[in-house]
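Under the numbering used here, the first residue of the sequence shown carries the number 12, and numbering increases by one thereafter. Here a beta-carbon is modelled for each residue, glycine too, at the ideal position from N, C-alpha and C.
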Amino acid sequence: MTNKVRLSPLHTIVMTTILWLGQVGMVQAHGGLVTAFPVPNEPVINPTEVRLSFGEGVVVGTSIQVVSWETLKDVHQGQTQIDPAQPTMAFVPLAPLDPGRYSVNWYAVMIDETSTEGSYEFDVVLSMPTGRPTATTGGAPQAMEIVPSPVAAPSPANSSLLNSRAGVLIALALALGLVVTLLLIFMRPQEHK
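Here it is, written out as structure tokens:
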């Protein structure tokens, strides 16, 4: 004798929705910024480029803008480039930078046609404070893992969930959840008095 588990259509819909929402979360997470040089909110001596690494390959349309806080002018030279040896890496050369605070603003287009954007700051100094490791352009730059700030203000271009495929999937999942809820309410056995 075999025991067969029979799921009602409602149970099947609920389980499918739960599994699907888990997949949507994974899709959203894998294309973001992974590492950056110069390291966010850290001092650096004489950087010659900004180099950003993403969770998946980036394509033409990716841009990095570096702005001086003092002059509010762009300080990058030329266009953003994609490293042919590492298609997850985008970089832009910098003009020689004076000491001060600089902002990096980036917009990345992934190979799956999704996009992500963000910004961070770094400080250019003449010399490092005593006891701090130096990050200079000599040798391989040390990158730091980027952890999104919970207080980061959303940018106007990314304020809507529907700006990406993942946002559309989330909207569809919410609509499906609403349908399931309505089915539960209206298919419930009625009590007779």
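Separation of PRO49 from ALA186, as counted between CA atoms: Near 42 Å, if we compare the C-alpha coordinates of PRO49 and ALA186.
If we count Cβ pairs, one from each stretch, closer than 8 Å, do we get three or more for the region 134-141 versus the region 42-62? yes
I need the straight-line Cα distance from LEU194 to ALA184, nearest angstrom please. Going by the C-alpha atoms only, they are around 15 Å apart.
To which residues does DSSP link ASN116 through a beta bridge? Listed as beta-bridge partners of ASN116 by DSSP are GLN76 and SER130.
Looking at SER130 and SER114, is the spacing between their C-beta atoms short of 8 Å? yes
Is it true that the CB of VAL78 sits closer than 8 Å to the CB of LEU105? no
Residue range of the unbroken beta strand (DSSP E) whose run includes SER64: 60-65
Taking the alpha-carbon positions, what's the PHE197 to ALA182 distance? C-alpha separation (whole angstroms): 23 Å.
Nearest to SER74 (by Cα), restricted to the options LEU44, GLY111 and LEU83: LEU44
Report buried or exposed for LEU189, applying the criterion of at least 16 other Cβ atoms within 10 angstroms of its Cβ. exposed
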